[in-house]
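Worksheet: one structure, shown below.
There are 2 protein chains.
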Amino acid sequence: MKGIKNKKFIPNLSYDCVIFGFNGINLKILILEYHNTGLFALPGGFIKKNQSLQDAVNKGVEERTGIKNVFLDQFQVFGKPERSDPAAMHRILVANDKNLEKNEWMMDRFITVGHYALINYEDVNPKPDHLSDSIDWYDIDSVPKLMMDHNEIVNKALEVLRNNISEKIIGMNLLPIKFTMKQLQQVFEAILDQTLRRTSFQRKMLSLDILQRHEKLFEGKAHKAPYLYSFK
Amino acid sequence: MKGIKNKKFIPNLSYDCVIFGFNGINLKILILEYHNTGLFALPGGFIKKNQSLQDAVNKGVEERTGIKNVFLDQFQVFGKPERSDPAAMHRILVANDKNLEKNEWMMDRFITVGHYALINYEDVNPKPDHLSDSIDWYDIDSVPKLMMDHNEIVNKALEVLRNNISEKIIGMNLLPIKFTMKQLQQVFEAILDQTLRRTSFQRKMLSLDILQRHEKLFEGKAHKAPYLYSFK
DNA sequence: AATTATTGTCATAAAGTGAGACAATAGAAT
DNA sequence: ATTCTATTGTCTCACTTTATGACAATAATT
Chain A
3 MKGIKNKKFI
13 PNLSYDCVIF
23 GFNGINLKIL
33 ILEYHNTGLF
43 ALPGGFIKKN
53 QSLQDAVNKG
63 VEERTGIKNV
73 FLDQFQVFGK
83 PERSDPAAMH
93 RILVANDKNL
103 EKNEWMMDRF
113 ITVGHYALIN
123 YEDVNPKPDH
133 LSDSIDWYDI
143 DSVPKLMMDH
153 NEIVNKALEV
163 LRNNISEKII
173 GMNLLPIKFT
183 MKQLQQVFEA
193 ILDQTLRRTS
203 FQRKMLSLDI
213 LQRHEKLFEG
223 KAHKAPYLYS
233 FK
Chain B
3 MKGIKNKKFI
13 PNLSYDCVIF
23 GFNGINLKIL
33 ILEYHNTGLF
43 ALPGGFIKKN
53 QSLQDAVNKG
63 VEERTGIKNV
73 FLDQFQVFGK
83 PERSDPAAMH
93 RILVANDKNL
103 EKNEWMMDRF
113 ITVGHYALIN
123 YEDVNPKPDH
133 LSDSIDWYDI
143 DSVPKLMMDH
153 NEIVNKALEV
163 LRNNISEKII
173 GMNLLPIKFT
183 MKQLQQVFEA
193 ILDQTLRRTS
203 FQRKMLSLDI
213 LQRHEKLFEG
223 KAHKAPYLYS
233 FK
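Below, the structure is given as structure tokens:
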């Protein structure tokens, strides 16, 4: 048998996560860069032999963002044998002075469970993992070339986010607890990549009966102050 | 190391498939029963070490139904360690006179990728696999107690089918190529488990511009003959 | 007090849906 | 041949939802 058996993790199975955040203007995702390789990738990881998939992903996202109880949706499994890239993994291990024999299992084929997360941009303090130089926010429309099929995973995540998700879940996770109607509209405009009609949007949101109205927000601007809302 | 290493399949990973069919009245799914165990389960299987997930599922569905190019949607991964049931697997292996040591990997923990398939009931000739007595259609509302978390997988599949799927995909895969408006309505009523208004349904379907009208169908009944339609 | 920019709400038109009416018609009954 | 029956295709009218523009309210500046 080649190499040393991997005792800790389930072999051939990984997760990757597209972590969405909203800075008030653009929709962004977190991308990490591996030491001395120029390789960019999605945050991801492996599942321990006796760990639930959900727990593995939650811990991975928490480690990199510092946020607990993140909204996560497991949206697709990527299972082609060709998607794996042992050469890239080799480069990463070498660049990090890792024992190649001990980590040989990492250069095997991987089937990955694609997730996306929605988090409040303000609350995040991104931390690179032990193999990575950096982890940073990138505008969804200027994501660099990523390793393996990670660009495909990002595109699919965005597609699913656009199609499948309810108003409440999007707003609740990408915005602070209290927000203005305009901010809520901007989140939707960023996700859908199109402008929405202000009056229709406002009427729609109010009619859904998911918002609680609070005090007004006085920003010191020379116009009527908007109400703050939160989700019920 | 316990047992003999599994050389053929990716360990700890399986797929399961909820195969939906429509007999003209009820929505049904295929369920198999293992020899001499009284254990019912969804059709499922493993992924070969160098096989794509999609290929594995396609082959599994084809073997059991005889149908190629089935519509498949991979809808959720079930990844809790507790979902596995080594004792049940043990029973199945014993009842089939299988070598326990050689198949020990089957009694390990499995993460499974849940799929559902939509197929034309008429075209199917269900065939049990080598571990199973039988494979049969069951009405969606009288599914027996299944092993492991398979009932949960069925429920989730139905939920996803109800929520996420377009008119065209449902009709196209659960009906013959040509069908009447009434048949199309009955598929929707079976899936949604509610009656629909005939005139509204007809107007909606025609307005979607996905149907092609063909000749009339003369069934020998004493009333106006309906048109046949197909999807564009 | 007038001005500016933006907000919350209303008015009207346009599009979509629910519910029933009705004529058309394939075959059976007479 | 005519009438009858069950079902289909389409239309109408009321009702609901959505689009679009108008307008008054208002926080801070001029």
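Chains as they are written, first to last, in my numbering: chain A, 3 to 234; chain B, 3 to 234.
Glycine included, each C-beta is placed from N, C-alpha and C at the ideal position.
None of these values were measured; they are calculated from a predicted model.
query = Within the chosen definition, does the segment 173-188 of chain B reach the segment 94-111 of chain B through at least 3 CB pairs nearer than 8 Å?
reply = no
task = Step through the CB atoms of chain B and report whether any lies within less than 9 Å of the CB of Val79(A).
result = Translated into the one-based positions of the first sequence, residue 79(A) becomes position 77. Yes, because at least one Cβ of chain B sits closer than 9 Å to the Cβ of Val79(A).
message = Helix, strand or coil for Ile33(B)? Go by DSSP, reduced to three states.
response = Position 31 of the second sequence, counting from 1, holds the residue named residue 33(B). Strand, per DSSP.
request  = Please compile the residues from chain B whose C-beta is within a distance smaller than 9 Å of the C-beta of Asn60(A).
outcome  = On the first sequence, residue 60(A) is found 58 positions in, with the first residue counted as 1. Within chain B, no residue comes near Asn60(A); the closest Cβ sits about 12 Å away, beyond 9 Å.
For Phe73(A) and Lys104(B), the rounded distance between their alpha carbons = Here residue 104(B) corresponds to residue number 102 of the second sequence, with the count starting at 1. Here residue 73(A) corresponds to residue number 71 of the first sequence, with the count starting at 1. Looking at the two C-alpha atoms, the distance is approximately 41 Å.
ask   = Listed from N- to C-terminal order along the chain, which residues in the segment 106-120 of chain A have their beta-carbon within a distance smaller than 8 Å of any beta-carbon of chain B?
value = Arg111, Ile113, Val115
request  = Reducing DSSP to helix, strand and coil, say where Lys170(A) ends up.
outcome  = The residue labelled residue 170(A) in the question sits at position 168 within the first sequence. Residue state, collapsed to three classes: helix.
query = Across which residues does DSSP place Thr197(A) in a beta bridge pair?
reply = Locating residue 197(A) in the first sequence gives position 195, where the first residue counts as 1. BP columns for Thr197(A) are empty, so no partner.
request  = Identify the continuous alpha helix (DSSP H) that holds Ile94(B) and give its terminal residues.
outcome  = Taking the second sequence and counting its residues from 1, one reaches residue 94(B) at position 92. Residues 88-97.
query = When DSSP labels each residue in this structure, what does Val126(B) get in the three-state scheme?
reply = Locating residue 126(B) in the second sequence gives position 124, counting from the first residue. In the structure shown, Val126(B) sits in coil (DSSP, three-state: anything other than H, G, I, E or B).
query = What in chain A is Cβ-close to Lys82(B), meaning under 8 Å?
reply = For the purposes of this step, residue 82(B) is identified with residue 80 of the second sequence, where counting begins at 1. The answer, in chain order, is Ser54, Leu55, Gln56.
inquiry  = Let's test the definition: count the other Cβ atoms within 10 Å of the Cβ of Asp151(B) and tell me whether it reaches 16, buried, or not, exposed.
reply    = On the second sequence, position 149 is the one that residue 151(B) refers to. Its Cβ being crowded by 16 or more others within 10 Å, Asp151(B) is buried.
inquiry  = Contact between the segment 61-71 of chain B and the segment 126-142 of chain B is defined here as three or more beta-carbon pairs at a separation below 8 Å; is this criterion met?
reply    = yes
ask   = Which residues, in order along the segment 159-179 of chain A, keep a beta-carbon less than 8 Å from a beta-carbon of chain B?
value = Asn166
message = For a contact defined as C-beta to C-beta under 9 Å, what are the partners of Ile12(A) on chain B?
response = Translated into the one-based positions of the first sequence, residue 12(A) becomes position 10. Those are Pro13, Asn14, Leu15, Arg111, Ile113, listed as they occur along chain B.
inquiry  = Counting C-beta neighbours from all protein chains within 10 Å, is the total for Ala192(A) 16 or more, i.e. buried, or is it exposed?
reply    = Translated into positions along the first sequence, residue 192(A) becomes position 190. Ala192(A) is buried by the Cβ-count criterion.
request  = Quick one: list the residues of chain B neighbouring Gln76(A), beta-carbon separation under 7 Å, in chain order.
outcome  = Position 74 of the first sequence, counted from the first residue, corresponds to residue 76(A). Residues of chain B passing the Cβ test: Gln78, Val79.
task = Determine the extent of the alpha helix (DSSP H) in which Arg66(B) is found, giving its start and end residues.
result = Taking the first residue of the second sequence as 1, we reach residue 66(B) at position 64. Its alpha helix (DSSP H) spans residues 55-67.
query = What's the C-alpha gap between Lys9(B) and Gly62(A)?
reply = The count along the second sequence starts at 1 and reaches residue 9(B) at position 7. The count along the first sequence starts at 1 and reaches residue 62(A) at position 60. Between Lys9(B) and Gly62(A), the C-alpha separation is close to 30 Å.
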